[in-house]
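S.K.:
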DNA sequence: AGTGATATATATCATTTTGATATAGAAACA
DNA sequence: TGTTTCTATATCAAAATGATATATATCACT
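Residue numbers (the numbering used here), protein chains in the order written: chain A, 19 to 202; chain B, 19 to 202.
1) With a threshold of 7 Å between beta-carbons, can residue 42/A be considered close to chain B, or not?
2) Could you tell me whether any Cβ in chain A is nearer than 7 Å to the Cβ of residue 151/B?
3) Let's see if you can read the secondary structure: which residues bound the alpha helix (DSSP H) around residue 57/A?
4) Use the C-beta contact count for residue 194/A: other C-beta atoms within 10 angstroms, 16 or more gives buried, fewer gives exposed.
5) Would you decide whether residue 22/B is buried or exposed? Buried here means 16 or more other CB atoms lie within 10 Å of its CB.
6) Below 6 Å CB to CB, which residues in the same chain sit around residue 132/B once its five sequence neighbours on both sides are set aside?
7) Between which two residues does the beta strand (DSSP E) holding residue 104/A run?
8) Out of 38/B, 147/B and 115/B, which one is the CA nearest neighbour of residue 18/A?
9) What does residue 103/B reach in chain A if we use C-beta pairs closer than 7 Å?
10) Taking the CB atoms as reference points, tell me whether residue 113/A and residue 30/B lie closer together than 7 Å.
11) Is the CB of residue 107/A under 7 Å away from at least one CB in chain B?
12) Once the 5 residues before and after residue 73/B are set aside, which same chain residues still bring their CB inside 6 Å of it?
13) Among residues of its own chain, excluding the 5 on either side of residue 35/B, which ones have a beta-carbon nearer than 8 Å to its beta-carbon?
14) Along chain A, which residues have their Cβ under 7 Å away from the Cβ of residue 128/B?
15) Residue 170/B and residue 141/B look like a contact to me (Cβ under 8 Å); what is the Cβ gap, rounded to whole Å?
16) With distance defined between alpha-carbon atoms, name the residue in 102/A, 20/A, 42/A and 46/A nearest to residue 164/A.
17) Taking CB distances under 7 Å as the criterion, tell me whether residue 121/A reaches chain B.
18) Quick check: the Cα distance between residue 69/A and residue 90/A, rounded to an integer number of angstroms?
19) Look at the alpha carbon of residue 107/A and the alpha carbon of residue 28/A, and state the distance between them as a whole number of angstroms.
20) Residue 130/B and residue 188/B - do their beta-carbons sit closer together than 7 Å?
21) Could you give the residue range of the alpha helix (DSSP H) that holds residue 73/A?
22) In angstroms with no decimal places, state the Cα-to-Cα distance between residue 63/A and residue 19/A.
23) Return no unless some Cβ of chain A is closer than 7 Å to the Cβ of residue 159/B.
24) Taking the continuous beta strand (DSSP E) assigned at residue 52/A, which residues delimit it?
In structure tokens, the structure reads:
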């Protein structure tokens, strides 16, 4: 599954421009899927070429033209086919955990700073997820509600683990550094 | 931070071939960083060119030559510099959650199958993480112990959430489908 | 003795994605 | 008045992905 499929997916709800698709990803999908202009615009161009979406240029008086994309019947079929044949995958790429793994190469203050920044980022994410839940008057699809609940549970667990264990990590590393100094 | 930095990092522990680096990633880093041959071999070539690792060809009698890579002093400095200047990031790309978000486009049986497959994958991952913990006689670095604990906590939370909520999701979707049929 | 599966080991490559940047008028704000 | 933010599209070098090719060796089965 690639960004093309995601674009088809969000277009099932309503017609959107590339810019709006990007915003939609940021608002609703940010904790489990990231896509930038560099993948969205080429995806839309390719989908148009293949007749899976149609594109209408909307002239605007005071702004550049909008290109509003709509899902075609062929696009809807392609989307369902793609969803049916996609094996469930879930990938994490954590530069934060890489930094923690090599923490013994860094000063203690830096490790503390890194962990605190990560916790702060997760706090922001949790606040935005709770915002989604608060706004929901039944307007969220059941699948999106499931994904939001997932985000809250798992991000909460991540935040709690790091907050609870960072001090132990830093202490252990400081002890080992002292032991190594004594050996020299 | 890219695969190059990770390669420098694992080479702080011992000299390794590209093949061994890949295996090391799979064994120890698999739940938070993935890298294939297509990124590791070019990374090692570039690091060699820049003098950050050195490469020794080891002739083997019954197998193709090994290229064993070692970290140079310049490579160690470059690694520390990179770690010090990398902001903590943590990115998830979940095709599984995308499938859940568009669950209303799929038959109930398919949703159940997808969720069960994801839970099974996470069970495997948890078993391999617990294997790491069981083997640990103090041989794990404190940072790696932190990362392993993180993996256990967060993967466990993810597995529990999906196992606990998939039936509710499927029921809701089936109800909505029935309501829609009645409206037609 | 043969078959298939798995392990060691390096490498390539088309396609995709990333992350940053360019362009440009409008609105909001200080 | 100047600065930032918003709307909107687009491009691009660098990086990563995921699959595949190439060889040899070993190991378990039949």
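All C-beta atoms in this analysis are idealised placements derived from N, C-alpha and C, irrespective of residue type, glycine included.
M.R.: On the basis of the coordinates in this document:
1) no
2) no
3) 55 to 67
4) Residue burial annotation: residue 194/A is exposed, with fewer than 16 other C-beta atoms found within 10 angstroms of its C-beta.
5) Burial call: buried.
6) 117
7) Premise fails: residue 104/A is in no beta strand (DSSP E) and is neither H nor E.
8) Within the shown structure, residues of chain A are numbered from 19 to 202, placing residue 18/A beyond reach of any answer.
9) Result: empty, since nearest Cβ-Cβ is about 10 Å, beyond 7 Å.
10) no
11) yes
12) 66, 85 and 87
13) Excluding sequence neighbours, residue 35/B sits near 84, 85, 86 and 87.
14) 102
15) With a Cβ gap of about 12 Å, residue 170/B and residue 141/B do not count as contacting.
16) 46/A
17) yes
18) 7 Å
19) 19 Å
20) Going by C-beta atoms, residue 188/B is nearer than 7 Å to residue 130/B.
21) Counting along the chain, residue 73/A falls outside any alpha helix (DSSP H), though it belongs to the beta strand (DSSP E) covering 71 to 76.
22) So the alpha carbons of these two residues sit roughly 17 Å apart.
23) yes
24) Premise fails: residue 52/A is in no beta strand (DSSP E) and is neither H nor E.
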